[in-house]
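Residues in the sequence shown are numbered from 52 upward in steps of one, following this note's numbering.
Heads up: the structure comes next, in structure tokens.
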Amino acid sequence: MPGGHAVVSIENLRVPASDMLGDAGEGFKYAQIRLSPARLSHCMRWLGSCIRAQEIASDYACRRMAFSKPLIDHEGVGFMLAENMIDLKQAELMIDWAAGVLDTGSLGTVESSMAKVAVSEALMRIADKCVQVMGGTGVSGDTIVEQVFREVRAFRIYDGPTEVHKWSLAKKIKRAHRDQAGQ
Ligand SMILES: Cc1cc2nc3c(=O)[nH]c(=O)nc-3n(C[C@H](O)[C@H](O)[C@H](O)COP(=O)(O)OP(=O)(O)OC[C@H]3O[C@@H](n4cnc5c(N)ncnc54)[C@H](O)[C@@H]3O)c2cc1C
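Next up, the structure:
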């Protein structure tokens with residue numbers, strides 16, 4: 052991905068009715084339809100990247116010797132890779148579950164929010180541990196681990212920051228409580 056951040060200013064734009072996509076006032080709804088599957092595709096591609104980062108970090112830890120034994124035999128390092136293994140599987144299952152809901156034809160807004168938060172947070176933990184296991188090499192450009200770490204960091208922000216998804220889920224919990232109380 053190229054770096055930088057574009058800012059586009061639009062002033063006095065008039066779009067003729069013949070050029071309008073969909074119906075007036077429906078833009079937010081259309082965006083929501085696209086967002087659930089789009090979030091899941093980000094989850095999938097970054098899961099794949101983190102699986103690769105874990106392979107690279109595991110290879111490093113099994114070959115690199117420190118204090119007469121491979122790094123992986125130092126519990127602090129072995130545990131980081133073990134925790135990554137658990138997080139990777141949980142992320143995969145969460146994606147499978149949310150994709151299954153979308154396959155039923157549902158918009159899956161709640162499920163995709165839950166999956167996006169859980170997966171992006173897990174992938175961040177994984178990428179961070181991969182960097183840590185690899186020491187200085189982890190933050191160098193010698194492997195893709197450094198790039199995965201940078202990309203996954205941004206994923207906690209775009210397609211809805213973690214806090215915004217939690218805020219939206221909390222609103223739904225409150226609405227459900229109000230509806231139940233009203234019965
Ligand atoms: C790499 C990258 C790619 C992107 N790609 C796209 C794209 O393709 N299309 C697109 O439309 N946008 C894209 N974005 C924009 C992205 O969706 C926004 O950056 C994101 O929604 C956060 O908005 P903001 O940057 O204005 O942060 P702000 O709205 O200023 O929020 C800053 C922080 O405040 C907190 N926060 C905000 N609102 C709440 C709330 N309601 N409750 C609790 N906490 C809150 C969160 O922690 C958030 O991270 C991209 C961003 C990045 C970094």
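Idealized CB from N, CA, C, for every residue including glycine.
Is residue i buried or exposed, if buried means 16 or more other CB atoms sit within 10 Å of its CB?
i	result
L174	buried
Y81	exposed
G189	buried
Cutting at 8 Å between CB atoms, please list the residues of its own chain near residue i, excluding the five before and the five after it.
i	result
I146	L91, C94, M95, L98, A166, V170
K17	In the structure as shown, the chain begins at 52 and stops at 234. Residue 17 is therefore absent and cannot be evaluated.
H125	A117, F118
Q83	L158, T160
R114	P121
Alpha carbon to alpha carbon, what distance is there between residue j and residue i?
i	j	result
R76	R65	The sequence as given places Gly at residue 76; Arg does not occur at that position. Each residue's alpha carbon lies about 15 Å from the other.
R103	L132	13 Å
Q231	W218	20 Å
E143	P88	15 Å
A149	G159	7 Å
T213	E172	8 Å
A68	G55	34 Å
R207	D70	35 Å
F200	G233	47 Å
I107	A205	21 Å
S100	V152	24 Å
Looking at the secondary structure, which residues open and close the alpha helix (DSSP H) in which residue i lies?
i	result
H216	213–233
I177	160–184
E106	78–114
D138	126–154
Leaving out five residues on either side along the sequence, give the residues of the same chain with a beta carbon under 6 Å from the beta carbon of residue i.
i	result
G186	none
G73	Y81
Y209	none
Give me, in chain order, the residues of the same chain whose beta-carbon lies closer than 7 Å to that of residue i; leave out the 5 immediate sequence neighbours on both sides.
i	result
T155	none
D138	A173, R176, I177
- Message: Using 8 Å as the cut-off, can you tell me whether the stretch 177–190 makes contact with the stretch 118–133, which would need three or more C-beta pairs spanning the two stretches below that distance?
- Response: yes
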